[in-house]
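Peer 1: If you scroll down you'll find the structure; I have some questions about it.
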Amino acid sequence: GRLVFSQSIGTGSDSFSKAIATDFNLQPAQASQYKMKYGVLPNQQDGGKIHNSIKPILEVVLNEIRKILGFIDTRLSYGSPQGIFLSGNGALLPGLPQYMQSTFQLPVSTLDPLNKVKLKGKVEDIRNHISPMGYSVAIGLGLKEE
């Protein structure tokens with residue numbers, strides 16, 4: 036398969052952190068740590084509390100994806116979607132690809148925005164110290180053909 040459509044969803048990783056911070060009266064940095072530790076799947080370690088906190092936000096994201104899949108299926112001439120690619124920092128949430136795969140019954144994988152970008156010298160060294168996922172939009176705009 037190939038990528039035939041892409042869409043940015045405004046509700047993302049920060050929204051999950053804000054929900055956790057609000058529900059558990061945590062500082063944003065600590066809420067972000069909890070989010071990355073427990074992920075989106077119901078977790079026995081915390082009794083499912085983090086999952087329950089972020090579930091309303093997760094449903095917003097899932098509903099947006101449902102709309103996108105419906106648009107692709109009915110308006111584009113490529114046939115039904117064969118998979119979903121996730122990018123951005125939210126794609127790194129533990130359990131998110133599995134949760135979406137179970138929800139949509141489609142293969143879900145993360146998309147490395149630097150996969151096809153050749154880097155040299157010091158820029159290559161920087162890549163080894165940062166996660167390119169958080170720069171997906173900027174990289175995409177930089178590579179966009181007019």
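Each position in the sequence shown, counted from 1, maps to that position plus 35 in my numbering. In this text, a Cβ means the ideal position worked out from N, Cα and C, and glycines have one as well. Please read all numbers here as calculations on a predicted model, not as lab measurements.
#1: Whole angstroms is fine: what's the gap from P129's alpha carbon to Y73's?
#2: What are the start and end residues of the beta strand (DSSP E) that includes S122?
#3: Between the beta-carbon of I92 and the beta-carbon of T46, is there less than 8 angstroms?
#4: By DSSP's criteria, V143 is part of a beta bridge. Which residues make up the other side?
#5: Starting from N87, trace the alpha helix (DSSP H) both ways and give me its first and last residue.
#6: For the alpha helix (DSSP H) that contains F51, what are its first and last residues?
#7: For the segment 49-69 and the segment 84-98, state whether three or more C-beta atom pairs, one from each stretch, are separated by less than 8 angstroms.
#8: Less than 7 angstroms between C-beta atoms, sequence neighbours within five positions excluded: which residues of the same chain meet that for Y134?
Peer 2: Quick look at the numbers:
#1: 7 angstroms
#2: Premise fails: S122 is in no beta strand (DSSP E) and is neither H nor E.
#3: yes
#4: I119
#5: 84-110
#6: 48-59
#7: yes
#8: Counting only Cβ-Cβ distances below 7 angstroms, and skipping sequence neighbours, we find V75, L76.
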